[in-house]
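**Q** Have a look at this one.
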Amino acid sequence: MRYKQTVLGATWAVLQPLATMLAFSLFLGRVAGSPDAAVPYPLFVFTGLLSWMFFNNAVSTASTSVIGNERLVTKVYFPRMLVPLSAVAAATVDFAIAFVMLLILMPFFGFLPGWSLLALPGIVALLILLACALGVCCCRR
2 MRYKQTVLGA TWAVLQPLAT MLAFSLFLGR VAGSPDAAVP YPLFVFTGLL SWMFFNNAVS
62 TASTSVIGNE RLVTKVYFPR MLVPLSAVAA ATVDFAIAFV MLLILMPFFG FLPGWSLLAL
122 PGIVALLILL ACALGVCCCR R
């Protein structure tokens, strides 16, 4: 539903972090990138942008979601907490789509993750929990 009336559709969830990664890699790759780094710089940038774009999108949409759905909240009895949580859930779907792109990019850059990948579900769960908490706190003003 979110990308139904857009030209690019759901591919925007992939193109936005990918285009930003390309811009960062082209303009900052020579300055910040190191040839002997453990992770290729474009992959490093994409991973950071993936988590930041999720967090930014989730908190900003969750904080304004109650105001945007004012008619729903005021007309019938409706648990107000579900509105910002649904906004975070929508951002989580975008995160999952872009994460699949990250998994595709890893072998492309010749990088295979190690055992540290096992910590990823816990880190993502904490990121989602923090986005939910800040989104709910910001919309309660």
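Numbering (my numbering), first residue to last: 2 to 142. For each residue, glycine too, the CB sits at the ideal point set by N, CA and C. No experiment lies behind these values; they were computed from the predicted model shown.
#1: Is Ala63 near Ala126, with beta carbons less than 8 Å apart?
#2: Counting along the chain, where does the alpha helix (DSSP H) carrying Gly69 start and finish?
#3: Do the CB positions of Ile129 and Val67 come within less than 8 Å of each other?
#4: Please report the straight-line C-alpha distance between Trp53 and Gly111, rounded to a whole angstrom.
#5: Just the C-alpha distance for Cys138 and Leu51, rounded to the nearest angstrom, thanks.
#6: Hey, could you find the ends of the alpha helix (DSSP H) Ala39 is sitting in?
#7: Where does Leu113 sit, in a helix, a strand or coil, going by DSSP?
#8: Just checking my contact of Pro85 with Gly136 at CB under 8 Å: how many whole Å lie between their CB atoms?
#9: Here's a check: name, in chain order, each residue in its chain whose Cβ is nearer than 6 Å to the Cβ of Thr21, leaving out the five neighbours to either side.
#10: Among Thr93, Leu106, Pro41, whose alpha-carbon lies nearest the alpha-carbon of Phe55?
**A** Based on what the coordinates show:
#1: no
#2: 42 to 69
#3: no
#4: 24 Å
#5: 23 Å
#6: Taken as a continuous stretch (DSSP letters only), Ala39 belongs to no alpha helix (DSSP H), as it is neither H nor E.
#7: coil
#8: 4 Å
#9: Leu50
#10: Thr93
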